[in-house]
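A.B. asks: My questions will all concern the structure given below.
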Ligand SMILES: Nc1nc2c(ncn2[C@@H]2O[C@H](COP(=O)(O)OP(=O)(O)OP(=O)(O)O)[C@@H](O)[C@H]2O)c(=O)[nH]1
Ligand SMILES: Nc1nc2c(ncn2[C@@H]2O[C@H](COP(=O)(O)OP(=O)(O)OP(=O)(O)O)[C@@H](O)[C@H]2O)c(=O)[nH]1
Ligand SMILES: [Mg+2]
Ligand SMILES: [Mg+2]
C-alpha cells in the first residue's frame, strides 16, 4: 500500500520536525507511482506532484501525525479539492422539460445510466422523466432501453424506423411538453471521438435538443486515453458533467481525476452496479481515497 | 515522431512518457527503461535509432510466444466460450468471429449465453441473422448452464463445426458471478469432447491497469486460452497488454477494429508495435 511505501521512505527521516525537500521528493516519487498505477494521466500526475510538493516542503510535522500521515493528508486534500469540493447536482431548468443528453465511447454504460438517471430523477427529485432511444445503430439498442423502461414502469420514447437521432429527440421533447414529462433523458449511440461523422451527428443532436445537461459517461477502468477522448467530447459538446461507471469493479478510477483536470467538469454521479438503483452521487473524498489506493 | 536525435536523459524521458501514455504501466515501463539504461552504458550506444530498436525487440519478446491460431478441432465440434467484464465487446466480437469462420467455410452456431442483461438475446439474435448463422436461445432470466447444455446438444445434432457461446459481462471481483462462469465451463467440459477448446477473454483497448487484474482473476477461475483486444480503432494503444501477458501468458488471437462484422483481424505483433510507436 502507499502508506507502507511512504513509511519505508520516512523511516530514515531525521528528527528535524520539518519535512525537507529531499524527504518530500522520495515520498512524492511513491505518490507519482501510485497515481500512475491508478490510471491518472501521466501529464496530470506530473503537474499534481509539482503542486503537492509546494504545499509539502517546509510543512511543519503536526504533532499528531507521522510524516507518512502528513504527506498522505496533503495529497488526499489536494486530490479531493481537484475532484470537486462540493456535490454537483443535475441543473433543473425553470422552463420544462429539463433535457439531459448522454454521450460517450462504446460500452461505457450510457444506456444503463439513462435508465438509472430516470429512476433517480423520479425517486429523489420527484420528477416525471421520459427516456429517449436515440441510438439507431447498435442492434437491439432501442429494445434494451425499452426493456429497462418497462422494468421501471417508465416511459420510453422511440422514433419510427429510419428517423434520425436529432429528429427523434425533437419529437420526444415535443411529446414531453404535451404529456407533462418534466425531464427528458436522451440515450445516444457509443462513438469514437475521432469519428468525424458521428461526432458531427451528436453535435447536431445537441443543437436540436438544446440540453441543459450534457453528461459524458466514462468507464472507471479507462486508462491514459481518457484525456484524449474527454477533451474531444468537451470541445465538440461543451459537457456539463460526467458519470463514472462500473465503480463496483476494482479499477482505481484515476481517469476521473485526469478528465476533471483537463475539462474542468464535475463528476455528478457514479455507477456502482448493473441494477437501475445502482447510481450514487459523487463523493470526492471517497474517490480520492480510492485513486490513491 | 520522437524529438531527440541523440541519446540523453531527454530521449529516455520521451520514451518513458510514450510508454506511460500507451498504458504500458509503471512496473513494465521501469523494467524497460532500466534495461535500456544498462545497455546504453554497457555498450556505449550513441545512436538513438539503436535504442528504439532495442525497445521494440524487448516489447516484441514480451508478447506471447505461442501460436495465435484458433484451436479448431478436426472432425469434431469446437466450443468457444467468450468472457470478460461489462461492455468490452464480447457479443460484437462473437458476431465477427462467426463471420470470420463462416467465410472460411465452417458451419457456425451461436449460443445466447447472456440470459441476464436487457435485450442481450435480441442483440445476438440480430447478429446471427446478419451473419447467417443460427442462435440457440432460451428465455431472458434463464439459467446460462442450461442454455449451454442445450446449445452443445443442438450443435452436435446439427453437425456444426464451431459453437460460440456468449456470456453476460461480469466484474472479476464478484465471486458469485465468477462461480456461475465456472459452472458454465464445467457443463461445456462435460457435454463436449475436451471443450471449451477456446476460452477467450475479451479486453477493451481503452482499459488501463485494471486489465491486469481482470486477466489474473478470470484466469484463476478458468484457463484462458486466448485474448481478444477490442476497440483498437480508437486512440487507445492497449499497452497494458504487456503486463497482461506477464500475468497470464495467453496469446492474443484477434483484435477488434470497429463495430461491423468484418472489423476483426488476426493479431499482428508488428502492426501492434507500429501503432504503439506512432
Ligand atoms: N458492473 C457494472 N456494470 C455496468 C455499470 N453500468 C453499466 N454496466 C454494464 O455495462 C455494460 C454496457 O452498458 P450499456 O449501458 O449497454 O453501455 P452503452 O454505453 O450504452 O453501450 P453502447 O450503446 O454500445 O455504446 C452492460 O453490461 C451494463 O449492464 C455499472 O455501474 N456497473
Ligand atoms: N469502435 C469499436 N467498437 C466496438 C468494438 N467492439 C465492440 N464495440 C462496440 O462496443 C459496444 C459494446 O459491445 P458489446 O458487444 O455489446 O459488448 P459486451 O461485452 O457484449 O457487453 P455486455 O454484454 O453488456 O457486457 C457496442 O457499441 C459495440 O458496437 C471495436 O472493436 N471497435
Ligand atoms: Mg447504449
Ligand atoms: Mg454482450
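Chains as they are written, first to last, in my numbering: chain A, 992 to 1284; chain D, 2 to 279.
Where a beta carbon is used, it is the ideal one built from N, C-alpha and C, also for glycine.
Since the model is a prediction, treat every value here as computed from it, not as a measurement.
Who are the neighbours of residue 1028 (chain A) on chain D, taking C-beta pairs under 8 angstroms?
C.D. replies: The contacting residues are 26, 27, 210.
A.B. asks: I need the straight-line Cα distance from residue 1072 (chain A) to residue 134 (chain D), nearest angstrom please.
C.D. replies: The straight-line gap from Cα to Cα measures roughly 54 angstroms.
A.B. asks: Could you give the DSSP three-state label for residue 106 (chain D): helix, strand or coil?
C.D. replies: In the structure shown, residue 106 (chain D) sits in coil (DSSP, three-state: anything other than H, G, I, E or B).
A.B. asks: Quick one: residues in its chain with C-beta nearer than 7 angstroms to the C-beta of residue 243 (chain D), no 5 flanking neighbours on either side, listed in chain order?
C.D. replies: Within the same chain, residue 243 (chain D) has close Cβ partners 25, 29, 60, 63.
A.B. asks: Give a yes or no on whether the minimum CB-CB distance between residue 241 (chain D) and chain A is below 8 angstroms.
C.D. replies: Yes, residue 241 (chain D) counts as interfacial toward chain A.
A.B. asks: In angstroms, rounded to a whole number, what distance separates the CA positions of residue 1001 (chain A) and residue 89 (chain D)?
C.D. replies: Distance between the alpha carbons of residue 1001 (chain A) and residue 89 (chain D): 42 angstroms.
A.B. asks: Whole angstroms are fine: how far does the CA of residue 1065 (chain A) sit from the CA of residue 1056 (chain A)?
C.D. replies: Going by the C-alpha atoms only, they are around 12 angstroms apart.
A.B. asks: So that I know if they touch, is there some Cβ in chain D lying closer than 8 angstroms to that of residue 1214 (chain A)?
C.D. replies: Yes, because at least one Cβ of chain D sits closer than 8 angstroms to the Cβ of residue 1214 (chain A).
A.B. asks: Alpha carbon to alpha carbon, how far is residue 1139 (chain A) from residue 119 (chain D)?
C.D. replies: Their Cα atoms are separated by approximately 7 angstroms.
A.B. asks: If I follow the unbroken beta strand (DSSP E) through residue 1232 (chain A), where does it start and stop?
C.D. replies: That run of the beta strand (DSSP E) goes 1232-1236.
A.B. asks: In the segment 120-140 of chain D, which residues sit with their C-beta less than 7 angstroms from some C-beta in chain A, listed in chain order?
C.D. replies: Flagged, chain order: 120, 123, 124, 127, 128.
A.B. asks: Buried or exposed for residue 1221 (chain A), please, with buried defined as at least 16 other CB atoms from any protein chain shown within 10 angstroms of its CB.
C.D. replies: Under this definition residue 1221 (chain A) is a buried residue.
A.B. asks: How about residue 170 (chain D) and residue 245 (chain D): are their beta carbons less than 8 angstroms apart?
C.D. replies: No, Cβ-Cβ distance for residue 170 (chain D) and residue 245 (chain D) is not below 8 angstroms.
A.B. asks: For residue 86 (chain D), does the three-state DSSP call read helix, strand or coil?
C.D. replies: Of the three classes helix, strand and coil, the one that applies to residue 86 (chain D) here is coil, per DSSP.
A.B. asks: Quick check: residue 1246 (chain A) and residue 1278 (chain A), are their CB atoms within less than 8 angstroms of each other?
C.D. replies: Taking 8 angstroms as the Cβ cut-off, residue 1246 (chain A) and residue 1278 (chain A) do not qualify as a contacting pair.
A.B. asks: Leaving out five residues on either side along the sequence, give the residues of the same chain with a beta carbon under 6 angstroms from the beta carbon of residue 1012 (chain A).
C.D. replies: So the qualifying residues of the chain are 1048.
A.B. asks: Check for me: the alpha helix (DSSP H) holding residue 1057 (chain A) runs from which residue to which?
C.D. replies: It is not in any alpha helix (DSSP H) - residue 1057 (chain A) carries neither H nor E in the DSSP assignment.
A.B. asks: Where does residue 1024 (chain A) fall in DSSP's three states?
C.D. replies: Here residue 1024 (chain A) sits in helix by DSSP.
A.B. asks: Please name the residues in the segment 222-235 of chain D whose beta-carbon is closer than 9 angstroms to at least one beta-carbon of chain A, in chain order.
C.D. replies: Residues passing the 9 angstroms Cβ filter: 231, 232, 234, 235.
A.B. asks: Is there at least one non-hydrogen atom of ligand 2 closer than 7 angstroms to the beta-carbon of residue 232 (chain D)?
C.D. replies: Yes, the Cβ of residue 232 (chain D) comes within 7 angstroms of a heavy atom of ligand 2.
A.B. asks: Short check: CB of residue 204 (chain D) to CB of residue 57 (chain D), under 8 angstroms?
C.D. replies: Not a contact, by the Cβ cut-off of 8 angstroms.
A.B. asks: What first and last residue would you give for the beta strand (DSSP E) that runs through residue 257 (chain D)?
C.D. replies: Counting along the chain, the beta strand (DSSP E) containing residue 257 (chain D) begins and ends at 253-257.
A.B. asks: Against chain D, with Cβ distances strictly below 8 angstroms, would residue 1242 (chain A) count as a contact?
C.D. replies: With 8 angstroms as the cut-off, residue 1242 (chain A) counts as an interface residue toward chain D.
A.B. asks: Sorted by chain position, which residues of the same chain lie with C-beta nearer than 7 angstroms to residue 989 (chain A)'s C-beta, five sequence neighbours on each side aside?
C.D. replies: Chain A is shown only over 992 to 1284; residue 989 (chain A) falls outside these bounds and no answer can be derived.
A.B. asks: For ligand 4, any of its heavy atoms closer than 7 angstroms to the Cβ of residue 96 (chain D)?
C.D. replies: No, since every heavy atom of ligand 4 falls outside the 7 angstroms radius drawn around the Cβ of residue 96 (chain D).
A.B. asks: Cβ of residue 264 (chain D) within 7 angstroms of any heavy atom in ligand 4?
C.D. replies: Not under cutoff, so the answer is no.
A.B. asks: So with Cβ pairs under 8 angstroms, would you call residue 205 (chain D) a contact of chain A?
C.D. replies: So, interface residue.
A.B. asks: From the beta carbon of residue 245 (chain D), is the nearest beta carbon of chain A less than 8 angstroms away?
C.D. replies: No, residue 245 (chain D) lies away from the interface with chain A (no Cβ there is under 8 angstroms from its Cβ).
A.B. asks: Report the rounded CA-to-CA distance for residue 1141 (chain A) versus residue 236 (chain D), giving the unit in angstroms.
C.D. replies: Each residue's Cα considered, the two are about 36 angstroms apart.
A.B. asks: List the residues of chain A that residue 172 (chain D) touches, going by C-beta distances under 7 angstroms, in chain order.
C.D. replies: Here the neighbours are 1239, 1240.
A.B. asks: Anyone know if the C-beta pair for residue 1100 (chain A) and residue 1259 (chain A) falls short of 8 angstroms?
C.D. replies: Cβ atoms of residue 1100 (chain A) and residue 1259 (chain A): not closer than 8 angstroms.
A.B. asks: Taking the CB atoms as reference points, tell me whether residue 1193 (chain A) and residue 1108 (chain A) lie closer together than 8 angstroms.
C.D. replies: Their beta carbons are not under 8 angstroms apart, which means residue 1193 (chain A) does not touch residue 1108 (chain A) by this criterion.
A.B. asks: May I have the straight-line CA-CA distance separating residue 117 (chain D) from residue 181 (chain D), to the nearest angstrom?
C.D. replies: Between residue 117 (chain D) and residue 181 (chain D), the C-alpha separation is close to 12 angstroms.
A.B. asks: Taking CB distances under 8 angstroms as the criterion, tell me whether residue 214 (chain D) reaches chain A.
C.D. replies: Closer than 8 angstroms to some Cβ of chain A, the Cβ of residue 214 (chain D) qualifies, so yes.
A.B. asks: Report the partner residues of residue 1148 (chain A) according to the DSSP bridge assignment.
C.D. replies: The partner list for residue 1148 (chain A) (beta bridge, DSSP) reads A:1123.
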